[in-house]
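Participant: One structure, pasted below without further comment.
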Amino acid sequence: MDAIKCLLERRSIRSFTDKKIAKEDLETIVKAAYYAPSGKNRQLWQFTVVQNSDIISSLATCLRIKLGREEGYCFYNPNTVIICSNPRDNEHAIEDCAVALENIFLASHALGIGSVWINQFKGVCDEPEVRAELDKIGVPANHLVHGMAALGYAADDAVRNFEKNPNVVKWVM
Ligand SMILES: Cc1cc2nc3c(=O)[nH]c(=O)nc-3n(C[C@H](O)[C@H](O)[C@H](O)COP(=O)(O)O)c2cc1C
């Protein structure tokens, strides 16, 4: 897919089918993540790819209780999540995770896979209950989670928001 078409067409998807994402496609998506730019090219991040539905559900339940979210909250029931974490002392941690996440979203879209940023770990990943869940899946104890991608094939009822504001550009020519 043409790169410009891909980035203009990508929209957040919040309703997924049960279709499994092939390992080969996940490998491409996660490769796109670690090919992203990083501050001082340190590449200190970890991308934890979780396709086990029980573990995804356990992560969501933990955050739902912690954040007081509605019963049944499960990151929109994705097939796979990719947790982006970085050492807490990495001065570029948030920026690195953000650019890697965008690569994940764009690579997913190019492969026909829907995605959305899930921000619920932000600010709570050091809470003991949340950290215990992260420990179970090998997110390093010195890492903070700055974002997570939920991935899956878009369901027929998935809503796409195409409204973008072009009045945010100031030209100085
Ligand atoms: C920093 C950040 C945090 C976000 N967190 C969430 C989130 O927790 N849940 C969610 O459904 N969407 C989340 N989003 C997605 C935005 O709502 C979405 O990008 C925005 O509405 C524009 O829609 P688009 O992605 O379809 O262009 C987040 C996006 C960003 C950049």
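Mapping of the sequence shown onto my numbering: position 75 corresponds to residue 75, and the numbering continues sequentially without gaps.
Using N, Cα and C, we set each Cβ at its ideal position, and we do this for glycine too.
Name the two residues that bound the continuous beta strand (DSSP E) containing F47.
Facilitator: Here residue 47 is taken as the residue at index 47 of the sequence shown, counted from 1. 46-50 is the extent of the beta strand (DSSP E) around F47.
Participant: Report yes if the C-beta of V145 is less than 7 Å from at least one heavy atom of ligand 1; otherwise report no.
Facilitator: Within the sequence shown, the letter at position 145 stands for residue 145. No, the Cβ of V145 stays beyond 7 Å of every heavy atom of ligand 1.
Participant: Express the C-alpha separation of N165 and E91 in angstroms, rounding to a whole number.
Facilitator: Within the sequence shown, residue 91 is the residue found at index 91, counting from 1. Within the sequence shown, residue 165 is the residue found at index 165, counting from 1. Distance between the alpha carbons of E91 and N165 is about 31 Å.
Participant: Which complete alpha helix (DSSP H) runs does the stretch 98-127 hold, if anything under 4 residues is left out?
Facilitator: Entirely contained in the stretch 98-127, not one alpha helix (DSSP H) run reaches 4 residues.
Participant: Between the Cα of A98 and those of N142, H109, H146, spot the shortest distance and give me the residue it belongs to.
Facilitator: Residue numbering aside, residue 98 sits at position 98 when the sequence shown is read from its first letter. When only C-alpha atoms are compared, the closest one is H146.
Participant: By a C-beta neighbour count over all protein chains shown, 10 Å radius and 16 as the cutoff for buried, is S57 buried or exposed?
Facilitator: Numbered from its first residue, the sequence shown carries residue 57 at position 57. Flag for S57 reads exposed.
Participant: Rounded to whole angstroms, how far is the Cβ of L44 from the Cβ of P87, which I believe are closer than 8 Å?
Facilitator: Position 44 of the sequence shown, counting from 1, holds the residue named residue 44. Position 87 of the sequence shown, counting from 1, holds the residue named residue 87. L44 to P87, Cβ: 5 Å. Contact.
Participant: From which residue to which residue does the beta strand (DSSP E) around T61 run?
Facilitator: Working through the sequence shown from its first residue, we reach residue 61 at position 61. No beta strand (DSSP E) contains T61, which is instead part of the alpha helix (DSSP H) from 53-67.
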